[in-house]
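Enquirer: For reference, the structure I am asking about is given below.
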Amino acid sequence: MKNIIIGIFLLLSASLTQAQTPNYYRNPDKIYLDSKSGHNGDFSWQMYKADEIKDPAEKISRPGYQSGEWMPAIVPGTVLNSLVHNKVYPEPYYGLNNKLDKDIIPDLAKVGREFYTYWFRTEFNIPESYKDKIVWLQVDGINYRAEIWVNGQLLSCMSGMFRQDYINITDYAQVGKANALAIKVYPVDVPGTIKPKRWGAVGEFHNGGDGNIGLNTTMLMSVGWDFTFNDGIRDRNTGIWKNISLYATDKAVLRNPFIKSDLAKPGYDLSRQTVSVEVTNPTQQKVKCLIKGEIVGENISFSKEIEMFRGERKEVTFTADEFPQLIIKNPRLWWPLFKGKPELYELKMTALVDGKISDEVKTRFGIREITSDQNTPDQSRQFYVNGKKVFIRGTNWIPEGMLRTSDERTYAELRYTKQSSINLIRMWGGGIAESDYFFQLCDEMGFLVWQEFWMTGDTKHPHDADLYLSNVEATVKRLRNHPSLAYYVSSNESTEMPGAKDLIMKLDGTRGYQMQSECDGVHDGSPYKQVNPMQHYENTASERGSRVDGFNPEYGAPTIPTVETLREVMDEKDLWPINKEVWDYHDGGGFHLMTSMYTDLTNNYGTSSSIEEFVAKGQLVGAMNSKSIWEVWNYNKFDYGDRYASGLLFWYHNCPVRQVCARMWDYSLEPTASLYHTQNALAPLHPQFDYLKNTVSVYNDYYRSFKGYKVTAEVYDIKSKKVWAKSQAVDLPEDGVANDVFVIDFPANISQVHFIKLYLYDDKGKLVSDNFYWRSNDKYEGSKTLTGPTSSGFESLADLKEVALKVKSGVSKKEDWQVMELSIQNPSSSIAFFVQLQYIDQNGKPVRPSFYSDNFFSLLPGESKKVVVETALKNLPEKGQFIVKGWNVKSQDVKVVFAR
Numbered sequence: 002m003k004n005i006i007i008g009i010f011l012l013l014s015a016s017l018t019q020a021q022t023p024n025y026y027r028n029p030d031k032i033y034l035d036s037k038s039g040h041n042g043d044f045s046w047q048m049y050k051a052d053e054i055k056d057p058a059e060k061i062s063r064p065g066y067q068s069g070e071w072m073p074a075i076v077p078g079t080v081l082n083s084l085v086h087n088k089v090y091p092e093p094y095y096g097l098n099n100k101l102d103k104d105i106i107p108d109l110a111k112v113g114r115e116f117y118t119y120w121f122r123t124e125f126n127i128p129e130s131y132k133d134k135i136v137w138l139q140v141d142g143i144n145y146r147a148e149i150w151v152n153g154q155l156l157s158c159m160s161g162m163f164r165q166d167y168i169n170i171t172d173y174a175q176v177g178k179a180n181a182l183a184i185k186v187y188p189v190d191v192p193g194t195i196k197p198k199r200w201g202a203v204g205e206f207h208n209g210g211d212g213n214i215g216l217n218t219t220m221l222m223s224v225g226w227d228f229t230f231n232d233g234i235r236d237r238n239t240g241i242w243k244n245i246s247l248y249a250t251d252k253a254v255l256r257n258p259f260i261k262s263d264l265a266k267p268g269y270d271l272s273r274q275t276v277s278v279e280v281t282n283p284t285q286q287k288v289k290c291l292i293k294g295e296i297v298g299e300n301i302s303f304s305k306e307i308e309m310f311r312g313e314r315k316e317v318t319f320t321a322d323e324f325p326q327l328i329i330k331n332p333r334l335w336w337p338l339f340k341g342k343p344e345l346y347e348l349k350m351t352a353l354v355d356g357k358i359s360d361e362v363k364t365r366f367g368i369r370e371i372t373s374d375q376n377t378p379d380q381s382r383q384f385y386v387n388g389k390k391v392f393i394r395g396t397n398w399i400p401e402g403m404l405r406t407s408d409e410r411t412y413a414e415l416r417y418t419k420q421s422s423i424n425l426i427r428m429w430g431g432g433i434a435e436s437d438y439f440f441q442l443c444d445e446m447g448f449l450v451w452q453e454f455w456m457t458g459d460t461k462h463p464h465d466a467d468l469y470l471s472n473v474e475a476t477v478k479r480l481r482n483h484p485s486l487a488y489y490v491s492s493n494e495s496t497e498m499p500g501a502k503d504l505i506m507k508l509d510g511t512r513g514y515q516m517q518s519e520c521d522g523v524h525d526g527s528p529y530k531q532v533n534p535m536q537h538y539e540n541t542a543s544e545r546g547s548r549v550d551g552f553n554p555e556y557g558a559p560t561i562p563t564v565e566t567l568r569e570v571m572d573e574k575d576l577w578p579i580n581k582e583v584w585d586y587h588d589g590g591g592f593h594l595m596t597s598m599y600t601d602l603t604n605n606y607g608t609s610s611s612i613e614e615f616v617a618k619g620q621l622v623g624a625m626n627s628k629s630i631w632e633v634w635n636y637n638k639f640d641y642g643d644r645y646a647s648g649l650l651f652w653y654h655n656c657p658v659r660q661v662c663a664r665m666w667d668y669s670l671e672p673t674a675s676l677y678h679t680q681n682a683l684a685p686l687h688p689q690f691d692y693l694k695n696t697v698s699v700y701n702d703y704y705r706s707f708k709g710y711k712v713t714a715e716v717y718d719i720k721s722k723k724v725w726a727k728s729q730a731v732d733l734p735e736d737g738v739a740n741d742v743f744v745i746d747f748p749a750n751i752s753q754v755h756f757i758k759l760y761l762y763d764d765k766g767k768l769v770s771d772n773f774y775w776r777s778n779d780k781y782e783g784s785k786t787l788t789g790p791t792s793s794g795f796e797s798l799a800d801l802k803e804v805a806l807k808v809k810s811g812v813s814k815k816e817d818w819q820v821m822e823l824s825i826q827n828p829s830s831s832i833a834f835f836v837q838l839q840y841i842d843q844n845g846k847p848v849r850p851s852f853y854s855d856n857f858f859s860l861l862p863g864e865s866k867k868v869v870v871e872t873a874l875k876n877l878p879e880k881g882q883f884i885v886k887g888w889n890v891k892s893q894d895v896k897v898v899f900a901r
């Protein structure tokens, strides 16, 4: 395989900051005490092992405490994050560093809770503007228990991973002077072990170790799971994992605003709003206040006077019956991806005492109705938005394994998700409740979100039911205004905590609920690992029976990462020849079959002589995995025969740790071929080929029909000669599929490997969508084999003639982004197969994240393609170059002209 190298010596400054969607929920009026951004650079966090400190907490938490031996701490972050940062322990995601029997990083279950119990402390100034006000310390999340000390005083004890705490520090705060905050953080009560439990589903991999991690209300996958490290995370993610901030109010405090919209049916042209907000009087005397509300920019305001006793908290509600202005005619509706615009409104609530603003909160919301039912032929669950059916082409979201995340990482992963055209994200029950910024982006991008609440069938249920329910309450209150939040589910493959449903319905009541992920019209999942891609078409990929009918919550297959990423996972000596111990460790103990079946399928493209060649061929396997899964679901959309398909949630599409079994992108945020072949398969108008039936179909995801369209298929042999073609008119039903429009009749003497190009034209002859396939003549010989036109007999791809591509480029700046526009033409008489673009720095490392409009594509003779690559100016290297790789591409230098 050869490369085209485009030399680029970037003249744009690398010091400029990245522009991305701002975090609406990061309040500019608050002082954030985090070690990454700081406040005027006047504080930093430190940490020290608690059982090695002889000083009392009162002394540790006072300003000026001499903490010379303490080490720098990452906040938000975890104990292990900071220990790795300080080089106490090596990077857990590399090689076998995290492997339990190597005993490199101590495990909580072995060394005891005291080992990972740490003090965190920082000092900060409270501005003069806070004088004569009530000063609050807001703690958004600590895992798992904590003592919170301010200026020598114990002011709060927190428990559970998903609760917020609002601490009144007024009596102890020193305005205009130095203040000290010290937090003693304890690990989970019961860490659990990786020892397999004696109970669980028959034949299942017993995830979650002995199951005892579930006795806590925490991130259950931290003990170990088959799709990540079986050994789990050594400290079980002990730490201050979310933000800590300061702010000031007067005598009336507002929290948890909530707005409900009741849409009139069937027209959805009138919406009645109900607004509520919690008001607290933190003072020692009675308070009268005016609570005002405004839907910003809509000329809608409302208000109510209230009176509160000392320490009282009450919920103030405004209904459309009391305030007719809360009735909105012809509202701008929020819609998911491809169904309409995800319209958003803003609610602002203000508390006034004696005519002055005491506190103010704001939130975004969307006007929409999300429902579901089982009124389908097989009682499978069907989702609706604003009264219209939505075919779910969704995914499962896995959090970063050590909670090493940021707004930038969240943005990148969700931007990739939108590019893939996914429309629903399931927050799997072994993970976490994600950040406000995560849900903000889901609102803006048009994703539906299915939220589960930290219980699984692989682990025991929380010992402290009240603690668990308080975490559920805090999470629902935090998330319930987000229009993207579509569905509540108590657990993954288990039962619910008694009282959970009643609590959730009381706090919200605007969304559906089910007890667990495999009930009420949602069947069990699988497969999760590599199978023969022909089994996707045959619907035999799972030993449990048909997976395509109904609603499937978990079905997926892996894709190998790029070679540059694999070099960040392990030593070169372990990459090639493949060291099975190391590779399997980074494959959940070999769970996804990367060193067995995936390797065998990759070798069906010809035996490799290097890791570079093996990975390049492995991308073809991953692309075939993704395209075949998604296109099978497209074909079976809604009603087909005596069954019904309402949705698929891909298992899973983002990586929690560095792995050899990536999905659409790997841990480093480097996309794989899977992203772009999923993007193609999930295009809203899409022609597709069935490898089992040899038929051409056309998918439509829009709420409108299309008449007078034309679909064309062309077949090319290994010499890039067109040997067959057919066109046929097609009408596309609204939100439906035109199945089996025609059959491709492959010539009897066609070459062993050949190619298929599909085109979809509109009623004016304009190209709407296209698709490209490679296929072999090998026969599919059943699910116990690795044969078939998707799977074997591709060795003769080596016979493709070498191609020299023509590449033109231009660079411009758009706000805080560098925008590279590439025009790539194949002037030869041979197909340019599986072309990959890659933007690398002066050290040969890919510049991440960089967002490519397309990649891993093929070009027919004479065909050209325009690709846009966007990179934040903040992430630009000193020097960089674009590499255009291809299966059969000849290298050449191409100059780049920069736009100033």
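All residue numbers in the sequence shown are consecutive under the working numbering, ending with 901. Glycine included, each C-beta is placed from N, C-alpha and C at the ideal position.
Taking the continuous beta strand (DSSP E) assigned at M48, which residues delimit it?
Expert: 46-50
Enquirer: Quick check for students: name the residue ranges of the beta strand (DSSP E) that lie wholly in the stretch 574-647, counting only runs of 3 or more.
Expert: 639-641
Enquirer: Suppose you measure from the CA of L109 to the CA of S407; what does that come to, to the nearest Å?
Expert: 26 Å
Enquirer: For L594, which residues in the same chain have their Cβ closer than 7 Å to its Cβ, ignoring the five residues on either side in sequence?
Expert: K530, Q531
Enquirer: Which one or two residues does DSSP pair with I260 in a beta bridge?
Expert: Per DSSP, V276.
Enquirer: Taking the continuous alpha helix (DSSP H) assigned at D437, which residues delimit it?
Expert: Start and end: 437-446.
Enquirer: Flag this pair as touching only if the stretch 565-579 and the stretch 675-694 have three or more C-beta atom pairs under 8 Å; answer yes or no.
Expert: As far as the Cβ criterion goes, the stretch 565-579 does not touch the stretch 675-694, which means the pair count is below three.
Enquirer: I believe N778 touches Q819 by the beta-carbon criterion, under 8 Å. Please report the beta-carbon distance rounded to the nearest angstrom.
Expert: Incorrect: roughly 45 Å between the Cβ atoms, too far for contact.
Enquirer: Tell me which same chain residues have a C-beta within less than 8 Å of the C-beta of S771, skipping the five on either side of it?
Expert: Note that residue 771 is Asp in the sequence shown, not Ser. P688, K758, L759, Y760, L761, listed in sequence order.
Enquirer: Does the distance from the C-beta atom of Y119 to that of L138 stay below 9 Å?
Expert: no
Enquirer: Give me the Cβ distance between I371 and V386, rounded to the nearest whole Å; I'm assuming they're in contact under 8 Å.
Expert: 6 Å
Enquirer: Let me know if G388 comes out buried or exposed under the rule of 16 or more other beta-carbons within 10 Å of its beta-carbon.
Expert: exposed
Enquirer: Can you tell me where the beta strand (DSSP E) holding Y710 begins and where it ends?
Expert: 707-717
Enquirer: Could you check what DSSP says for Q326 in three-state terms: helix, strand or coil?
Expert: helix
Enquirer: Drop a sphere of 10 angstroms on the beta-carbon of P136, count the other beta-carbons inside from all chains shown, and report buried for 16 or more, exposed for fewer.
Expert: For the sequence presented, residue 136 should be read as Val rather than Pro. V136 comes out buried.
Enquirer: Whose C-alpha, out of F795, S597, T713, is nearest the C-alpha of L621?
Expert: F795
Enquirer: Is it buried or exposed, L101, if we count other Cβ atoms within 10 angstroms and call 16 or more buried?
Expert: It counts as buried.
Enquirer: Pick from Q680, M571, F319, F852: whose alpha carbon is nearest that of R273?
Expert: Residue F319 is the option with its Cα nearest to R273.
Enquirer: If you draw a straight line from the alpha carbon of E613 to that of V564, how long is it in whole angstroms?
Expert: 6 Å
Enquirer: Taking Cβ to Cβ, would you say L823 is nearer than 9 Å to F883?
Expert: yes
Enquirer: Is D172 helix, strand or coil when you go by DSSP?
Expert: It is coil, neither helix nor strand.
Enquirer: Assign R199 to buried or exposed, taking buried as 16 or more other Cβ atoms, counted over all protein chains shown, within 10 Å of its Cβ.
Expert: exposed
Enquirer: Below 7 Å CB to CB, which residues in the same chain sit around T679 once its five sequence neighbours on both sides are set aside?
Expert: Spatial neighbours of T679 in its own chain (CB-CB distance under 7 Å, excluding positions within 5 residues in sequence) are listed in chain order as S421, S627, W631, M665.
Enquirer: State the start and end residues of the unbroken alpha helix (DSSP H) segment that holds T1.
Expert: Absent from the structure is residue 1, since the part of the chain shown begins at 2 and ends at 901.
Enquirer: Compute the Euclidean distance between the alpha carbons of G465 and K132, then round it to the nearest angstrom.
Expert: Just to set this straight, residue 465 is Asp in the shown sequence, not Gly. Each residue's Cα considered, the two are about 40 Å apart.
Enquirer: Is the distance from the Cβ of L480 to the Cβ of A434 below 9 Å?
Expert: yes
Enquirer: On a Cα-Cα basis, can you pick out the residue from P128, A352, N540, E569 that is closest to Y556?
Expert: Nearest C-alpha to Y556 among P128, A352, N540, E569: N540.
Enquirer: Hey, how far is the Cα of D904 from the Cα of E474?
Expert: Here the chain has residues from 2 to 901 only, and residue 904 is not among them.
Enquirer: Residues in the same chain with beta-carbon distance under 6 Å from M598, minus the five sequence neighbours each way, listed in chain order, please.
Expert: Q531
Enquirer: Can you give me the Cβ contacts of P378 inside the same chain, cut-off strictly under 8 Å, excluding the 5 residues immediately before and after it?
Expert: D640, D643, R644, Y645
Enquirer: Once DSSP output is grouped into helix, strand and coil, what is the label at G39?
Expert: Summary for G39: the model assigns pLDDT 42, below 50, so the residue's position carries little reliability, and this model does not support an answer.
Enquirer: Going by alpha carbons, who is nearest to V868 out of D585, N856, E879?
Expert: The residue with the shortest Cα to Cα distance from V868 is N856.
Enquirer: Considering only C-alpha positions, which residue in the set Y717, A739, S721, G78 is nearest to F747?
Expert: Y717
Enquirer: Assuming S471 is part of the beta strand (DSSP E), what are its boundary residues?
Expert: Annotation: S471 is outside any beta strand (DSSP E); the continuous alpha helix (DSSP H) that includes it extends over 466-480.
Enquirer: So, helix, strand or coil for R548, using DSSP?
Expert: coil
Enquirer: Below 8 Å CB to CB, which residues in the same chain sit around N331 once its five sequence neighbours on both sides are set aside?
Expert: D270, L271
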